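Visitor:
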Amino acid sequence: MRKRVFGSIFLTALVTLLLTASLLLIAVHSGLSHDMRGRLANECSYIAAAIQDDDWQELVRIGRVYADRITLIGEDGAVLYDNESDVSGMENHASRPEVAAAMEKGVGESSRLSDTLSQQTYYYALRLGDGMVLRVASTADSALGALSTASPWIVLIILLALLVAAVLASWLTHVFLEPIVSLDLHEPLKNDAYDELSPLLHRMDKQNRKIASQLNELKRRQAEFDDITARMDEGLVMFSAQGGILFANRAVCAIFPEDSATGGYMTLCRDPEYVRVVEEALGGESAHGRMEKDGRVYSLTASSVAEDGQGHAAVLFVVDITERDQAERQRQEFTANVSHELKTPLTSIMGFAEIMENGIVKPEDIAPFAGKIRTEARRLLTLIEDIIRLSQLDEGGDPTPFETVELAALCGTVRDRLQHKAAEHKIMLSVAGAPVTVSGQRRTLEQMVFNLADNAIAYNKPGGSVLLETGEEGGAPFVRVSDTGIGIAPADQQRVFERFYRVDKSHSKMTGGTGLGLSIVKHGAAMHHAQIEMQSALGEGTKITLRFPKTQAE
Ligand code: ADP
């Protein structure tokens, strides 16, 4: 812009200077011409007066001293006298414009340029009384001639004009542009610039405020987005149409190596399922997949986002479904196990009933058969009760509110309920320890202790003992069931808490076990935030402790 302004001013100044100089030259030259013509008219009149009465001698004398040219032309146009040329060789002058005009009107004048255009000759003609025409001529430099004579000076003047124009243009450019260059665009209304700029500055101020508010809104949304995505447990990755990673949230960085979340989608992970899902989304199709990584299972959901004429960008959600996956598998296993477990006693019942129906059984055997049916039915009932209880605990669906439960008294109740069974198995069942309270569901806590004590009797040896202990260790209440039974091998110690897991299936069935007792204990413990500790040695006995959190005792 500076160059253009400078150029315009420079050109204007230069054109103005040169035009002024040219017009001055023309004015001066036309003034000189006018003077010249006046002078010739005067001189012609004087000479005409001097040569009255055909005084040729006087004309010749004047012609000799006179600097300009004098010509006397006869009535027919023939040259009679010329002070500069020989009249014999001169052509007829009747057709010369100034001579013709003088012959017709009395006076005539004209001017003619020399062949080189550098000189101009002015003529003035006057008709004398006898019809002859007296002509006076003077030659001077033409405008062009004057110019060429003065050309070195003119060049100098032009150079000077150029210099003056350049300096002037530079100064004016600075003066014009300074207020514009020094405009404060951040606060347009504080500028004291040209009035003509006022609408522009107001517009700029309005736009500035609009941009600032839009920027704030964008920042707010960005912060909101960052906050939400940072809190998300799900991994979120955004890919450009070219497959570059535009954004990856914190959860993604935890799943994949942190420095892999930059670059292309292949740097993040090479799992074939992941690659397929992302590539399908980049190809314009939404896709789902499942990926296993470091022992965890993830579901992949990629959505395609159309970008104007540049292919498809993609958004990928990575959700850890390990627990859901396990739960789903466990549910399937559980359903299969339940069907199997229910089928076994029912098959037995059907078998006994059929035998009895067919009348094969002797009358005295009917009572033992009915007893067997009753045992199987009881097993079935216990199994169904355990399944219902377990599914209640599993779904957290037992709405019974927590209350303060005293564990020593609870152990006393369990002992009373199992006393008969213990006696049958020749087991000594006792309760010891200090009273201690916890916050929990009385029914669930009693069932947990009952299941542990029931197992301690069932997997004991004749003459063995079972001890139900309560107390507090380090401020945390506990209840412990110890037996002197067959014990559990280290390999089975964790697995016994799984549903339907039994170390010795036939022994368990013989004792009326369902394989769900310890599962119920595990779920009950989780519900009460209690820890389960197991110490067991084969042939020596088992000790299972439920340790409740300290806060519950307060
Ligand atoms: P069950 O109804 O078969 O007793 P549980 O879930 O209560 O089912 O126990 C699972 C398995 O753990 C039992 O089948 C048994 O093999 C083993 N078990 C449980 N408690 C004891 C214990 N006190 N001593 C030895 N083995 C035990």
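For the sequence shown, counting from 1, position 452 maps to 456 in my numbering; every step adds exactly one. C-beta: ideal position from N, C-alpha, C; glycine also. These numbers come from a predicted model, not from an experiment.
1) Counting beta carbon pairs with one atom in the stretch 173-186 and one in the stretch 195-207, are three or more of them shorter than 8 angstroms?
2) Are there any heavy atoms of the ligand ADP lying less than 7 angstroms away from the beta-carbon of residue 559, as far as the coordinates show?
3) Quick test of the definition: if touching needs 3 or more C-beta pairs under 8 angstroms, does the stretch 229-238 touch the stretch 200-217?
4) For residue 422, count the other beta carbons within 10 Å of its own beta carbon; 16 or more makes it buried, fewer makes it exposed. Which is it?
5) Quick one: is the Cβ of residue 460 within less than 7 angstroms of any heavy atom of the ligand ADP?
6) Just to confirm, are residue 449 and residue 525 a CB contact at a threshold of 8 angstroms?
7) To the nearest angstrom, how far is the alpha carbon of residue 489 from that of residue 323?
8) For residue 570, is the beta carbon positioned less than 7 angstroms from some heavy atom of the ligand ADP?
9) Thinking C-beta only, is residue 308 closer than 8 angstroms to residue 288?
10) With respect to 7 angstroms, is the separation between the Cβ of residue 269 and the closest non-hydrogen atom of the ligand ADP below this value?
11) Report the partner residues of residue 90 according to the DSSP bridge assignment.
12) Assess contact between the stretch 102-122 and the stretch 134-142, defined as three or more Cβ pairs (one per stretch) separated by less than 8 angstroms. Is contact present?
13) DSSP three-state call for residue 268: helix, strand or coil?
14) Please determine, among 302, 306, 312 and 349, the residue with the shortest C-alpha to C-alpha distance to residue 328.
15) On a Cα-Cα basis, can you pick out the residue from 237, 244, 246 and 275 that is closest to residue 257?
16) Assess contact between the stretch 238-257 and the stretch 331-343, defined as three or more Cβ pairs (one per stretch) separated by less than 8 angstroms. Is contact present?
17) Classify residue 558 as buried or exposed, calling it buried when 16 or more other Cβ atoms lie within 10 Å of its own Cβ.
18) Quick one: complete alpha helix (DSSP H) runs, 4+ long, within the stretch 397-479?
19) Can you say whether residue 370 is buried or exposed, counting buried as having 16 or more other CB atoms within 10 angstroms of its CB?
20) For residue 410, I'd like the list of residues in its chain whose CB is within less than 8 angstroms of its CB, leaving aside the five on either flank, ordered along the chain.
21) Alpha helix (DSSP H) containing residue 202: first to last residue?
22) Just how far apart, CA to CA, sit residue 499 and residue 505?
23) What residue from 391, 34 and 265 has the CA that sits closest to residue 320's CA?
24) Flag residue 546 as yes when its Cβ comes closer than 7 angstroms to any non-hydrogen atom of the ligand ADP, and as no otherwise.
25) Give me the residue from 472, 90, 413 and 98 with the minimum Cα distance to residue 135.
26) Can you give the Cα-Cα distance for residue 62 and residue 71, rounded to whole angstroms?
27) Mind checking which residues open and close the beta strand (DSSP E) that includes residue 194?
28) Tell me, please, which residues DSSP counts as bridged to residue 295.
29) What are the uninterrupted segments assigned as alpha helix (DSSP H) that are 4 or more residues long and contained completely in the stretch 58-141, given in chain order?
30) Kindly indicate the opening and closing residues of the alpha helix (DSSP H) around residue 545.
31) Identify the continuous beta strand (DSSP E) that holds residue 321 and give its terminal residues.
32) May I ask whether a heavy atom of the ligand ADP can be found less than 7 angstroms away from the beta carbon of residue 508?
33) Please list the terminal residues of the continuous alpha helix (DSSP H) segment that includes residue 313.
34) Our contact map puts residue 391 next to residue 342 with C-beta atoms below 8 angstroms; I'd like the distance itself, whole angstroms only.
35) If contact is defined by three or more beta carbon pairs under 8 angstroms, each pair taking one atom from either stretch, is the stretch 510-521 in contact with the stretch 375-392?
Guide: Well, looking at it:
1) Counting C-beta pairs with one atom in each stretch, the stretch 195-207 and the stretch 173-186 have three or more that are closer than 8 angstroms, which means they touch.
2) Because the chain spans 5 through 558 in this model, residue 559 falls outside it and cannot be assessed.
3) No, they do not touch.
4) Here residue 422 corresponds to residue number 418 of the sequence shown, with the count starting at 1. Residue 422 comes out buried.
5) Here the question's residue 460 lines up with position 456 in the sequence shown. Yes, the beta carbon of residue 460 sits closer than 7 angstroms to at least one heavy atom of the ligand ADP.
6) The sequence position of residue 449 within the sequence shown is 445, counting from 1. The sequence position of residue 525 within the sequence shown is 521, counting from 1. Result no, Cβ atoms of residue 449 and residue 525 do not sit closer than 8 angstroms.
7) Residue mapping note: residue 489 aligns to position 485 of the sequence shown, counting from 1. Residue mapping note: residue 323 aligns to position 319 of the sequence shown, counting from 1. Rounded to whole angstroms, the gap between the alpha carbons of residue 489 and residue 323 is 46 angstroms.
8) Absent from the model: residue 570. The displayed extent of the chain is 5 to 558, so no value can be given.
9) Counted from its first residue, the sequence shown places residue 288 at position 284. Counted from its first residue, the sequence shown places residue 308 at position 304. Yes, the pair counts as a contact, with Cβ atoms nearer than the cut-off.
10) Working through the sequence shown from its first residue, we reach residue 269 at position 265. No; taking the cut-off as 7 angstroms, the Cβ of residue 269 has no heavy atom of the ligand ADP nearer than that.
11) Counted from its first residue, the sequence shown places residue 90 at position 86. Beta-bridge analysis with DSSP links residue 90 to no other residue.
12) In short, these stretches touch, since the Cβ pair count reaches three.
13) Here residue 268 refers to the residue found at position 264 of the sequence shown. For residue 268, the secondary structure class from DSSP, reduced to helix, strand or coil, is strand.
14) Translated into positions along the sequence shown, residue 328 becomes position 324. Among 302, 306, 312 and 349, the Cα nearest to that of residue 328 belongs to 302.
15) Looking up residue 257 in the sequence shown gives position 253. Put simply, of 237, 244, 246 and 275 the residue whose alpha carbon is nearest the alpha carbon of residue 257 is 237.
16) For the pair of segments examined, the stretch 238-257 was found not to touch the stretch 331-343: the number of CB pairs separated by less than 8 angstroms stays below three.
17) Position 554 of the sequence shown, counted from the first residue, corresponds to residue 558. Residue confidence is low: residue 558 scores 44 on pLDDT, short of 50, so the model does not pin down where it sits. No coordinate-derived value is stated.
18) The stretch 397-479 contains, as complete alpha helix (DSSP H) runs of 4+ residues, the segments 411-428 and 446-462 (chain order).
19) Walking along the sequence shown from the start, residue 370 turns up at place 366. Under this definition residue 370 is an exposed residue.
20) The sequence position of residue 410 within the sequence shown is 406, counting from 1. Once the five neighbours on either side are set aside, the close Cβ partners of residue 410 are 439, 440 and 441.
21) Reading the sequence shown from its first residue, position 198 is the one you call residue 202. First-last of the alpha helix (DSSP H) with residue 202: 202-235.
22) Residue mapping note: residue 499 aligns to position 495 of the sequence shown, counting from 1. Residue mapping note: residue 505 aligns to position 501 of the sequence shown, counting from 1. Each residue's alpha carbon lies about 7 angstroms from the other.
23) Position 316 of the sequence shown, counted from the first residue, corresponds to residue 320. The option with the nearest alpha carbon to residue 320 is 265.
24) The residue labelled residue 546 in the question sits at position 542 within the sequence shown. Within the cutoff, so yes.
25) Walking along the sequence shown from the start, residue 135 turns up at place 131. It is 98 whose Cα lies nearest to the Cα of residue 135.
26) Here residue 62 refers to the residue found at position 58 of the sequence shown. Here residue 71 refers to the residue found at position 67 of the sequence shown. Approximately 16 angstroms, taken between the alpha carbons.
27) Indexing the sequence shown from 1 puts residue 194 at position 190. Counting along the chain, residue 194 falls outside any beta strand (DSSP E), and DSSP gives it neither H nor E.
28) Your numbering for residue 295 matches position 291 in the sequence shown. Paired residues: 302.
29) Qualifying alpha helix (DSSP H) stretches, in chain order: 60-69 and 101-109.
30) Within the sequence shown, residue 545 is the residue found at index 541, counting from 1. It is not in any alpha helix (DSSP H) - residue 545 instead sits in the beta strand (DSSP E) that spans 545-551.
31) Taking the sequence shown and counting its residues from 1, one reaches residue 321 at position 317. Boundaries of the beta strand (DSSP E) around residue 321: 316-324.
32) Start at 1 with the first residue of the sequence shown, and residue 508 comes out as number 504. Yes, the ligand ADP has a heavy atom inside 7 angstroms of this Cβ.
33) Position 309 of the sequence shown, counting from 1, holds the residue named residue 313. It is not in any alpha helix (DSSP H) - residue 313 carries neither H nor E in the DSSP assignment.
34) If you number the sequence shown from 1, residue 391 lands on position 387. If you number the sequence shown from 1, residue 342 lands on position 338. Taking a contact as a CB-CB distance under 8 angstroms, the pair residue 391 and residue 342 counts as one, their CB atoms being some 6 angstroms apart.
35) Under the three-pair Cβ rule at 8 angstroms, the stretch 375-392 counts as touching the stretch 510-521.
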